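J.:
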């Protein structure tokens with residue numbers, strides 16, 4: 011089954027950034043898309059925000 015949400019650990023894996031930076035990136039994405047602090051961020055939103063392609067990101071997430 012394919013996931014649709016992305017978490018700080020996933021961002022760390024994809025970018026090599028620290029956990030704190032990964033959490034900041036998620037926070038920035040939530041602000042960009044007008045989400046509340048507790049709302050989840052989708053992989054699609056992450057890819058649109060960072061400019062990465064979903065075809066590259068999805069195989070790296072288990």
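In the numbering used here, the protein residues as written are 11 to 72.
Glycine included, every Cβ here is placed at the ideal spot set by N, Cα and C.
As the structure is a prediction and not an experimental result, all values here were calculated from the model.
I'd like to know whether the C-beta atoms of residue 30 and residue 71 end up nearer to each other than 8 angstroms.
T.: Position 20 of the chain shown holds residue 30. Position 61 of the chain shown holds residue 71. Result no, Cβ atoms of residue 30 and residue 71 do not sit closer than 8 angstroms.
J.: Hey, how far is the Cα of residue 68 from the Cα of residue 23?
T.: Within the chain shown, numbered from 1, the residue matching residue 68 stands at position 58. Within the chain shown, numbered from 1, the residue matching residue 23 stands at position 13. Straight-line Cα distance between these residues: approximately 12 angstroms.
J.: Quick one: what does DSSP say residue 21 is sitting in, helix, strand or coil?
T.: Here the question's residue 21 lines up with position 11 in the chain shown. Helix at residue 21.
J.: Can you have a look at residue 50 and say buried or exposed, based on whether 16 or more other CB atoms are within 10 angstroms of its CB?
T.: Numbered from its first residue, the chain shown carries residue 50 at position 40. Exposed: under 16 other Cβ atoms inside 10 Å.
J.: Report the option in 46, 66, 47, 44 whose CA atom is closest to the CA atom of residue 53.
T.: Translated into positions along the chain shown, residue 53 becomes position 43. That would be 66, whose Cα lies nearest to the Cα of residue 53.
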